[in-house]
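If you're matching positions, the sequence shown starts at 176 in the working numbering and goes up one per residue. In this text, a Cβ means the ideal position worked out from N, Cα and C, and glycines have one as well. Here the structure comes first, spelled out in C-alpha cells, and everything after it is commentary.
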Amino acid sequence: MKKIFTILCLFLLANFSFAQTDQTIQSIINKVSIDTLMNNLRELTGDKPVILNNVSTKLISRNRYSAGNSYTPIYLMQKFSQLGLVSFQQNFMTDGQNVYAIQNGATKSNQYVIICAHYDNMPSGGLAPGADDNGSGTAAVIEAARILSKYKFDYTIIYALWDLEEYGLYGSNYYASEASFRGDNIVAVINLDMIAWDSNNDYKAEVHARNVSSSLELGLLVHDVNSKYLIGLNLDTSNPGSTASDHASFWRYNYSAVLLIESMSDFNQYYHKTTDDLTKVNKPFYEKMAKLALGVTATSAVPIQNTSVTQTIPYEFQLYQNYPNPFNPETTIGYNVQTASKVSLKVYDVLGREVATLVNEYKQAGSYVTTLRATSLPGGVYFYRMHADGYSETKKMTLVK
C-alpha cells in the first residue's frame, strides 16, 4: 500500500510541478527578510511600541479578552495600507474582527488564492506575547504582502488574518461559510500557524492536507517548492491532516487548503504560556518557513513575468471591484486617488437612479476603502461610479437577498 501511495504521489507531482525553477518565484523567495519578519513580530508581541491613531501603544496581548485584540486590527490595516493595498475589517461577532487585504489578479480576478493566519492568541489575562502562536504566522502574512504586492499575478491574492481561532475557528469559519454561499472560486488556501519553533535545529515541519477538493495536490506543491527552490526544510505530510486550525474551515466547505506548521514531534513547550516570546524564535527555521509560504502562494497565484518593481508604486486613479461580490448586506469598495481631488462615489440601480452616495469630498492622494450597507435595498444588480479630476469609472455588483 505504501509503495502504491508513493508511486501515486510521484505521478501527481509530475503533473503539478514546473519542469524547471521559475526565476520570478525565485526572486520572490529571495526577498524574504528575517529582519523584517522579526520587526513585525516585535510589534505584534508588544516588544516594540506601535503608533495607532497617533498614540504609542504596545500590543502586549492579542487575546479575545484584552484591549490589544481590538487594537491589533487597526495595526494590521495600517501595515497593509502602507503597502498600497486595499484593506478592510470584517466584524463577524461583537468581539470578533477579521482583517483582509486584496491584491487584484490581472486576468482571473474572480479566482482567489488566500494566504492566512490567525492573529488572536493565548493565554487570557494581562500578558500574552504569542510569538510562535501565532505572531509568527501573522508576521509572515504581512511579509508576504510586502513582497508579493510588488508583482502582478493572474489570480487575486487575499491576505487574511483571522480572529478567534483560539476559541473555535470562528473568524475563518465565518469567512469560508460566506464564501461558499456566494460561490467564491477559491483555488488555494495556505494557512500559517506556529512556524517559528525548532528547538533541535532539525528543520522539520509539517504539511497538513486531506482528500478535499485539490488539497492533496496543494500539499504536493508545498513539497515541490521546498525541493525545487532549495529552501531546506525537512517536510512531513499529515494525511488526513489536523482540523485544529483555520484551514479546516475551508475543508468544511470543500475548498483546497493546507496547513504549514512546525513539527509536532518537537512541540513548543511554551505553547499558550506568557513565555511564548521572541527569545524562543528559531530565526533560520522561521525564515525558511516564510520563504516556503511565499513560494507556494506565488506559484498558486501564477506570476506574470517581468512585473517586479524596485521602488514604491505611485498611486493612480483606480476603482476596484467590490468585495465580496455577490454580497448581502455589506460590501467593501476600494479606490485610489492620484492627486488631491474632489472624489464622488455613488451607487445606482439598473434604471440609473441614484440609491446611495458613498463618497463626496476632497481626498488627498492615497488608497481608500468605503463600505456599502445595503440593508434597505432590494436584491438585484447595481452599479457604482467614481468621478475624480477627469477620471470616471463604473463597475457592476450584485446584491443577493
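- Query: So, is residue 456 buried or exposed, given that buried needs 16 or more other C-beta atoms within 10 angstroms?
  - Reply: buried
- Selection from 210, 499, 378 and 224 that minimises the alpha carbon distance to residue 407: 378
- Query: Touch check for the segment 389-401 and the segment 332-342: three-plus C-beta pairs under 8 angstroms?
  - Reply: no
- If we call anything under 8 angstroms between Cβ atoms a contact, is residue 388 one with residue 430? yes
- Query: Relative to the C-alpha of residue 561, which residue among 553, 554, 575 and 523 is closest?
  - Reply: 523
- Message: Can you look up residue 178 in the DSSP assignment and give me helix, strand or coil?
- Response: For residue 178, the pLDDT reaches just 38, beneath the cut-off of 50, and the residue's location in the model is therefore unreliable, although a value from the coordinates is still provided. Three-state result, residue 178: helix.
- If residue 212 and residue 462 are in contact, beta carbons under 8 angstroms, what's the gap, nearest whole angstrom? 7 angstroms
- Ordered list of beta strand (DSSP E) runs contained in the segment 419-474, each at least 3 residues: 432-437
- Task: Could you say which of 568, 476 and 519 lies nearest to residue 535 if we only look at CA atoms?
- Result: 519
- Query: With a CB to CB cut of under 6 angstroms and the five nearest residues on each side skipped, what residues in its chain are close to residue 544?
  - Reply: 261, 263, 507 and 509
- Item | Three-state class that DSSP yields for residue 400 in the structure shown | helix
- Query: Apart from the five residues just before and just after residue 384, which ones in its own chain have a Cβ nearer than 6 angstroms to its Cβ?
  - Reply: 390, 391, 394, 414, 416 and 433
- Is DSSP giving residue 553 helix, strand or coil here? coil
- Secondary structure of residue 357, DSSP reduced to three states: helix
- Message: If distances are taken between C-alpha atoms only, which option among 563, 204 and 248 comes closest to residue 494?
- Response: 563
- Message: For a quick check, are the C-beta atoms of residue 466 and residue 204 less than 8 angstroms apart?
- Response: yes
- Query: If we count the other Cβ atoms within 10 Å of its Cβ and call it buried at 16 or more, is residue 226 buried or exposed?
  - Reply: exposed
- Message: Suppose contacts are defined by Cβ-Cβ distances below 8 angstroms. Is residue 365 in contact with residue 331 by that definition?
- Response: no
- Can you have a look at residue 489 and say buried or exposed, based on whether 16 or more other CB atoms are within 10 angstroms of its CB? Annotation note: pLDDT 49 at residue 489 (below 50); position unreliable, no value reported.
- Query: Excluding the five sequence neighbours on either side, which residues of its own chain have a C-beta within less than 7 angstroms of the C-beta of residue 319, listed in chain order?
  - Reply: 290, 334, 468, 469 and 472
- Message: Using a Cβ-Cβ cutoff of less than 7 angstroms, which residues in the same chain neighbour residue 232 once the five nearest sequence positions on both sides are dropped?
- Response: 224, 225 and 246
- Message: Less than 7 angstroms between C-beta atoms, sequence neighbours within five positions excluded: which residues of the same chain meet that for residue 178?
- Response: Here residue 178 scores only 38 on pLDDT, less than 50, and its place in the model is too uncertain to base an answer on.
- Task: Measure the C-alpha to C-alpha separation of residue 372 and residue 500 and round it to an integer number of angstroms.
- Result: 39 angstroms
- Task: Decide if the segment 439-453 is in contact with the segment 297-308; the criterion is three or more beta carbon pairs, one per stretch, under 8 angstroms apart.
- Result: yes
- Terminal residues of the beta strand (DSSP E) in which residue 370 lies: Element bounds for residue 370: n/a, residue is neither H nor E.
- Item | Distance, residue 526 Cα to residue 355 Cα | 30 angstroms
- Message: Measuring only the C-alpha atoms, how far is residue 404 from residue 503?
- Response: 42 angstroms
- Message: Could you tell me the alpha carbon to alpha carbon distance between residue 142 and residue 565, rounded to whole angstroms?
- Response: The structure shown does not extend to residue 142, since the chain is modelled only from 176 through 576, so no value can be given for it.
- Beta-carbon proximity list for residue 240, same chain, < 7 angstroms, skipping 5 on both sides: 299
- Coarse secondary structure for residue 479, derived from DSSP in three states: coil
- Item | Unbroken stretches of the alpha helix (DSSP H), 4 residues or longer, contained in the segment 193-272 | 198-205, 209-219 and 242-257
- Message: Using the Cβ count rule (16 or more neighbours within 10 Å means buried), how would you classify residue 275?
- Response: buried
- Query: Applying the criterion that 16 or more other CB atoms from any shown protein chain within 10 Å of the CB defines a buried residue, is residue 517 buried or exposed?
  - Reply: exposed
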